[in-house]
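Residue numbers (my numbering): 127 to 329. Take a look at the structure set out below.
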């Protein structure tokens, strides 16, 4: 029971029921990804951290959930930029050109600027840009401001998870077509092909 007390901040006679409630709150048809590519970077940087955020929320570690959601969204935005493989004069945008255009490499920009860049060049829809920015703001308030009250941290953690989920789903979810076959979006087909070619070249 001491371990459970460490894991669950609101330990009490109803803790199991509360865990169940929080689990089902984030386990709905709208918050479900059927299948994702079995690719190291996608799993390690996007899928598993999102799963860890859900676990944190279920165990009432709301601050941990918010921190993980912030990380997930940052990785997702950088991943989306990499997926786009922006070209200049038929050549991929290199780090030197990124510094000239953005003032630094895209990866080293602040998250607010990254979101703005992807939205302006129409790589990120208005809805997903709104989701990513909402998570950024929630994370910033709780992780950087001593004056931030925890009075609504549970709801903010829930909102952060749901917004992060939508961003990840848009990037890596493999939907099923009417014929029952998996549909691999073009952006993932291109990414996985490049990763496979790199592995082949290194053999």
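Here a beta-carbon is modelled for each residue, glycine too, at the ideal position from N, C-alpha and C.
Item to check | Rounded separation between residue 232 and residue 192 - CA only | outcome: Your numbering for residue 232 matches position 106 in the chain shown. Your numbering for residue 192 matches position 66 in the chain shown. Spanning the two alpha carbons is a distance of roughly 23 Å.
Item to check | Secondary structure of residue 274, DSSP reduced to three states | outcome: Translated into the one-based positions of the chain shown, residue 274 becomes position 148. Three-state result, residue 274: coil.
Item to check | Where residue 163 falls, given that 16 or more other Cβ within 10 Å makes a residue buried | outcome: Taking the chain shown and counting its residues from 1, the one referred to as residue 163 is at position 37. When all chains shown are included, residue 163 counts as buried.
Checklist entry - DSSP on residue 218, reduced to helix/strand/coil? => result Looking up residue 218 in the chain shown gives position 92. In the structure shown, residue 218 sits in a strand (DSSP, three-state: E or B).
Checklist entry - Between residue 152 and residue 287, is the Cβ-Cβ spacing less than 8 Å? => result By one-based count along the chain shown, residue 152 stands at place 26. By one-based count along the chain shown, residue 287 stands at place 161. Yes; because the gap between Cβ atoms is below 8 Å, this pair is in contact.
Next on the checklist: Whole angstroms are fine: how far does the CA of residue 222 sit from the CA of residue 296?
Outcome noted: For the purposes of this step, residue 296 is taken as residue 170 along the chain shown, with counting starting at 1. For the purposes of this step, residue 222 is taken as residue 96 along the chain shown, with counting starting at 1. Looking at the two C-alpha atoms, the distance is approximately 29 Å.
Checklist entry - What three-state label does DSSP hand residue 243 in the structure shown? => result What you label residue 243 is simply residue 117 of the chain shown in a count that begins at 1. Of the three classes helix, strand and coil, the one that applies to residue 243 here is helix, per DSSP.
Checklist entry - Can you round the beta-carbon distance between residue 317 and residue 209 to whole angstroms, since I take them to be within the 8 Å contact cut? => result Here residue 317 refers to the residue found at position 191 of the chain shown. Here residue 209 refers to the residue found at position 83 of the chain shown. Their Cβ separation, rounded to whole angstroms, is 6 Å, which keeps residue 317 and residue 209 in contact under 8 Å.
Item to check | Cβ shell of residue 160 (< 8 Å), same chain only, five flanking positions each side left out | outcome: Here residue 160 is taken as the residue at index 34 of the chain shown, counted from 1. The answer, listed in chain order, is 299, 300, 301, 302.
Checklist entry - Would you call the segment 277-293 and the segment 250-257 in contact, with 3 or more CB pairs under 8 Å? => result yes
Checklist entry - Roughly how many whole angstroms lie between the Cα atoms of residue 280 and residue 186? => result Here the question's residue 280 lines up with position 154 in the chain shown. Here the question's residue 186 lines up with position 60 in the chain shown. Rounded to the nearest angstrom, the two C-alpha atoms are 8 Å apart.
Next on the checklist: If I measure Cβ to Cβ from residue 249 and keep anything under 8 Å in the same chain, skipping five residues before and after, which residues do I get?
Outcome noted: The residue labelled residue 249 in the question sits at position 123 within the chain shown. Result list for residue 249: 206, 207, 210, in chain order.
Checklist entry - Around the Cβ of residue 329, are there at least 16 other Cβ atoms within 10 angstroms (buried) or fewer (exposed)? => result The residue labelled residue 329 in the question sits at position 203 within the chain shown. The pLDDT assigned to residue 329 is 47, lower than 50, so where the model puts this residue is not dependable; a value taken from the coordinates is nonetheless given after this. Residue 329 is exposed by the Cβ-count criterion.
Item to check | alpha helix (DSSP H) runs contained entirely in the segment 246-306, provided each spans 4 or more residues | outcome: 252-270, 279-298
Next on the checklist: Is the separation between the beta-carbon of residue 149 and that of residue 203 shorter than 8 Å?
Outcome noted: Locating residue 149 in the chain shown gives position 23, counting from the first residue. Locating residue 203 in the chain shown gives position 77, counting from the first residue. No, these two residues do not count as a Cβ contact at 8 Å.
Item to check | Burial state of residue 226 (16 or more Cβ within 10 Å) | outcome: Numbered from its first residue, the chain shown carries residue 226 at position 100. Label assigned to residue 226: exposed.
Checklist entry - At which residues does the alpha helix (DSSP H) containing residue 158 begin and terminate? => result By 1-based counting over the chain shown, the position of residue 158 is 32. Here residue 158 belongs to no alpha helix (DSSP H), and DSSP marks it neither H nor E.
Checklist entry - Are residue 175 and residue 157 touching if we call contact CB-CB under 8 Å? => result Locating residue 175 in the chain shown gives position 49, counting from the first residue. Locating residue 157 in the chain shown gives position 31, counting from the first residue. Their beta carbons are not under 8 Å apart, which means residue 175 does not touch residue 157 by this criterion.
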